[in-house]
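Numbering (our numbering), first residue to last: 37 to 809.
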């Protein structure tokens, strides 16, 4: 701070010149960490001059923690946005490849605009990597964005741009310039909550099945309980023997589990999952005759995302909308492996200490708890626990009504969109005007959250909605006790509960939190269903069930809630770890393919690569006895090397090969002769090199798309093998390696065929049209 104060005497020009000095020091061999004190002092002074805000000592402490690759846990309202200017400026001095990663495009564009003044004043370039609301991402200048010193971007945009870059045909079509530093806002949401949702680019449509509608109709004829069973935790469903018999009779097949009926049975299972495990307005919505998935934590529609393996089409059949095309996955990456590519990774969030071990073990990130600038005076009331959801809702709305009568703002936090809608209906019945925030629009979301602290405001929101936006208290609200946060259920982890509490009492202001929970909450039903059934039976035997009930007082009920949440957390950690293990196998193959593509695109001469391809393919296709296999060998040459030979010519050539070595040499010579003919058609060396790159990349991409799709299917298959006491990761790794070896052979075959059999036509304007075989 003393250094920063001394910089107040500098003129604007002198302060701006600091950037030139720092970059010169870096060029001379100093490290970023050696520049941290003067660089932070520079940006602190720039913040003061341009934004009218000077970072507090605790914010500087958070910025230092992040510069050294840690997660800074800074409570809500402590100024994480301003804190980020310090490490972002320091790392921006080193050039491009530095990203501030946010949850949505609104926050990315807002902060890039507001804080961009500071960075530009100091001579750095900055851009938002996401389009403003109403604009198309396709209109963005990706070269300019990724060439900037600092980029404010969403996690999904960064991930998809990485995948798209690795589908490019030329270096000129690639935009990204390295992964130097990523600072992730709300890092727990990205690296933990979203860890199991891979980013997938789809294409290459499959042949559409006609079984979706008939399977859907069949499921509607079956009865739950008799023909279909659903697990107590509602996460699994299966057919009973009676149900299997009905389906076999309906489709007139002897045994649904036979290999001949595999596709029919697969579609029936998909229809079963669509009806019993995926629920409208909880897992998805239907808008304009289109099924759109929902992020269940915040209610936001996941545009462009679809469920895999036909489940999306099964839901569409259930809802009676037009079936979308089933497509193959062309490229995929998880956030776990995306962010592990960065040289340095850091983050900030209000809640990370509860999951510090997982962040350390998975990402090598330590969590540093940053003290608040002012002591917290928020009051966290003990939970109020009820038997039924109805009792809980009745009691929690009573609390809302009581606070609303005196004008105290209330924020009601729910665990799902469906529960938000239910609370909204109950509030309307009570005549309580309120805002319903289901995170459908990031801009509207931020506005509603900002207004949630105003006098008389009542806001209903899903648990994750509005993260990144502070709630400011209106005039007179502090005297009423500040914002009242009502938690309507225990969430899947204590971390999310703490996020909800953090909405109130920011920056030393008064605030209060109350959690109303029941034994029918999702976290309890899914993780302790048997215990709850026993408790409820005993309770109903001795108590009259009524919507108006006193909260449960016995500790054993609270222990059930705590254990259920702990079980949920353990399950989520286990699932994230398994996802990482699966993706680690996939990552090794993806990295190898992407390196190969980059080498091909960057090459000035592909002679060695082509020689290796010819060698590999000739060895693979030369039979031990060429005379006995002459018809097959002739067919191979005509369809893969050169169709202009006659059968007689090829027969004479093949007869000369008395040994396997000679046959391979003959095939190799045929390939080299045809490549020479191709070069004669395209004598310009630059054009011929471009042609070679194009056809080899085409072979790689076609084979890789098949492999990505195979690995997606393989993951689904091997996941089920755990039920047969077989290690799914080991099975996946073994099958994936075998599949990868087959794919490499396929790349070689396709590349040679593309090189030798593609047709080239040179147009009058000098351009060349290539038709693949």
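The beta carbon of each residue, even a glycine, is placed where N, CA and C say it ideally should be.
State the Cα-Cα distance for the pair residue 588 and residue 421, rounded to the nearest angstrom.
As a first step, residue 588 must be located in the chain shown, where it is residue number 552. As a first step, residue 421 must be located in the chain shown, where it is residue number 385. Taking C-alpha positions only, residue 588 is separated from residue 421 by approximately 5 Å.
6 Å CB neighbourhood of residue 787 in its chain, flanking five on each side removed:
Sequence index remark: in the chain shown, residue 787 carries index 751 (1-based). The beta carbon of residue 787 lies closer than 6 Å to those of 649, 732 and 735 in the same chain, with the five residues before and after it left out.
On a Cα-Cα basis, can you pick out the residue from 618, 451 and 64 that is closest to residue 556?
Numbered from its first residue, the chain shown carries residue 556 at position 520. 451 is the residue among 618, 451 and 64 whose C-alpha sits nearest the C-alpha of residue 556.
Nearest neighbour of residue 155, chosen from 177, 178, 182 and 187 [CA to CA]:
Looking up residue 155 in the chain shown gives position 119. Closest option to residue 155, judged by alpha-carbon separation, among 177, 178, 182 and 187: 187.
What are the boundary residues of the beta strand (DSSP E) that includes residue 400?
Locating residue 400 in the chain shown gives position 364, where the first residue counts as 1. First-last for residue 400: undefined, no H or E at that position.
How would you label residue 679, buried or exposed, when you count the other beta carbons within 10 angstroms and need 16 or more for buried?
Walking along the chain shown from the start, residue 679 turns up at place 643. Classified as exposed, residue 679 has fewer than 16 neighbouring CB atoms from the shown chains inside 10 Å of its CB.
So what does DSSP say about residue 759, is it helix, strand or coil?
For this step, residue 759 is matched to residue 723 along the chain shown. The predicted model places residue 759 with a pLDDT of 44, which falls under 50 and marks its position as unreliable; any figure quoted below should be read in that light. Reduced to three states, the DSSP call for residue 759 is helix.
Endpoints, beta strand (DSSP E) assigned at residue 188
Locating residue 188 in the chain shown gives position 152, where the first residue counts as 1. Run containing residue 188: 186-190, per the beta strand (DSSP E) assignment.
According to DSSP, residues forming a beta bridge with residue 611
Here residue 611 refers to the residue found at position 575 of the chain shown. Answer is none; residue 611 lacks a bridge partner.
Residue 114 versus 124, 98 and 106, residue with shortest Cα-Cα distance
Here residue 114 corresponds to residue number 78 of the chain shown, with the count starting at 1. Among 124, 98 and 106, the Cα nearest to that of residue 114 is on 98.
Under the three-state DSSP convention, the category residue 584 falls into:
Here residue 584 is taken as the residue at index 548 of the chain shown, counted from 1. In the structure shown, residue 584 sits in coil (DSSP, three-state: anything other than H, G, I, E or B).
Under three-state DSSP, which class holds residue 384?
Position 348 of the chain shown holds residue 384. Residue 384: strand per DSSP, three-state reduction.
Within 10 angstroms of the Cβ of residue 636, are there 16 or more other Cβ atoms? Answer buried if so, exposed if not.
Residue numbering aside, residue 636 sits at position 600 when the chain shown is read from its first letter. Buried, because 16 or more other Cβ atoms sit within 10 Å of the Cβ of residue 636.
Report the partner residues of residue 265 according to the DSSP bridge assignment.
By 1-based counting over the chain shown, the position of residue 265 is 229. Its beta-bridge partners are 274.
Where does residue 456 land, buried or exposed, given buried means 16+ other C-beta within 10 angstroms?
Residue 456 sits at position 420 when you count from the first residue of the chain shown. Result: buried.
Round the Cβ separation of residue 673 and residue 706 to the nearest angstrom and send it over; I've been treating them as touching at under 8 Å.
As a position in the chain shown, residue 673 is number 637, starting the count at 1. As a position in the chain shown, residue 706 is number 670, starting the count at 1. With a Cβ gap of about 6 Å, residue 673 and residue 706 count as contacting.
Just to confirm my understanding: we take residue 95, look at its own chain, exclude 5 residues before and 5 after, and list those with CB closer than 6 Å. What are they?
The residue given as residue 95 occupies position 59 in the chain shown. The residues are 115 and 119.
In whole angstroms, what separates the C-alpha of residue 751 from that of residue 160?
Looking up residue 751 in the chain shown gives position 715. Looking up residue 160 in the chain shown gives position 124. Whole-angstrom Cα-Cα distance: 44 Å.
So the alpha helix (DSSP H) residue 554 belongs to, where does it begin and stop?
In the chain shown, residue 554 corresponds to position 518, counting from 1. From DSSP, residue 554 is part of no alpha helix (DSSP H) but of the beta strand (DSSP E) over 547-554.
Could you give the distance in angstroms between the alpha-carbon of residue 612 and the alpha-carbon of residue 64?
By one-based count along the chain shown, residue 612 stands at place 576. By one-based count along the chain shown, residue 64 stands at place 28. For residue 612 and residue 64, the distance between alpha carbons rounds to 43 Å.
Which residue marks the beginning of the alpha helix (DSSP H) containing residue 713, and which one marks its end?
Numbered from its first residue, the chain shown carries residue 713 at position 677. DSSP places residue 713 in the uninterrupted alpha helix (DSSP H) bounded by 696-717.
Alpha-carbon spacing of residue 43 relative to residue 92, whole angstroms
Locating residue 43 in the chain shown gives position 7, counting from the first residue. Locating residue 92 in the chain shown gives position 56, counting from the first residue. Taking the straight line joining both Cα atoms gives about 16 Å.
How is residue 523 classed by DSSP in three states: helix, strand or coil?
Looking up residue 523 in the chain shown gives position 487. Residue state, collapsed to three classes: strand.
Is it true that the CB of residue 282 sits closer than 9 Å to the CB of residue 247?
As a first step, residue 247 is located in the chain shown; it is residue number 211 there, counting from the start. As a first step, residue 282 is located in the chain shown; it is residue number 246 there, counting from the start. In this structure, residue 282 does not lie closer than 9 Å to residue 247 by Cβ.
Whole-number beta carbon distance between residue 163 and residue 148, since they are thought to touch under 8 Å:
As a working mapping, residue 148 is identified with position 112 in the chain shown. As a working mapping, residue 163 is identified with position 127 in the chain shown. The Cβ separation is near 7 Å, so the contact holds.
So the beta strand (DSSP E) residue 364 belongs to, where does it begin and stop?
Residue 364 sits at position 328 when you count from the first residue of the chain shown. It spans 363-369 - the beta strand (DSSP E) in which residue 364 sits, taken as one unbroken run.
Does the region 204-214 touch the region 178-186, meaning 3 or more C-beta pairs lie closer than 8 Å?
At 8 Å Cβ cutoff, the stretches touch.
So is residue 279 buried or exposed if we call it buried at 16+ other beta carbons inside 10 Å?
Sequence index remark: in the chain shown, residue 279 carries index 243 (1-based). Counting the other Cβ atoms within 10 Å of the Cβ of residue 279 gives 16 or more, which makes it buried.
Could you give the residue range of the beta strand (DSSP E) that holds residue 134?
Position 98 of the chain shown, counted from the first residue, corresponds to residue 134. Here the beta strand (DSSP E) through residue 134 covers 134-138.
When you compare the CB positions of residue 700 and residue 654, do they come within less than 9 Å of one another, or not?
Taking the chain shown and counting its residues from 1, the one referred to as residue 700 is at position 664. Taking the chain shown and counting its residues from 1, the one referred to as residue 654 is at position 618. Yes. Within cutoff.
Write down the C-beta distance between residue 135 and residue 218 rounded to the nearest angstrom, noting that I regard them as a contact closer than 8 Å.
Mapped onto the chain shown, residue 135 falls at position 99. Mapped onto the chain shown, residue 218 falls at position 182. Yes, they are in contact, since the Cβ atoms of residue 135 and residue 218 sit about 5 Å apart, within 8 Å.
Residue 804 bridges to which residues according to DSSP?
Counted from its first residue, the chain shown places residue 804 at position 768. In the DSSP output, where bridge partners are listed per residue, residue 804 has 798.
Where the alpha helix (DSSP H) through residue 765 begins and ends
Within the chain shown, the letter at position 729 stands for residue 765. From DSSP, the alpha helix (DSSP H) with residue 765 extends over 764-793.
Please report how far the alpha carbon of residue 507 lies from the alpha carbon of residue 492, in whole angstroms.
Here residue 507 refers to the residue found at position 471 when the chain shown is read from its first residue. Here residue 492 refers to the residue found at position 456 when the chain shown is read from its first residue. Each residue's Cα considered, the two are about 14 Å apart.
CA-to-CA distance, residue 87 to residue 146, given in whole angstroms
Translated into positions along the chain shown, residue 146 becomes position 110. Translated into positions along the chain shown, residue 87 becomes position 51. One C-alpha to the other measures close to 14 Å.
Would residue 110 pass as a contact of residue 386 if the rule is Cβ separation under 9 Å?
Here the question's residue 110 lines up with position 74 in the chain shown. Here the question's residue 386 lines up with position 350 in the chain shown. Contact: yes.
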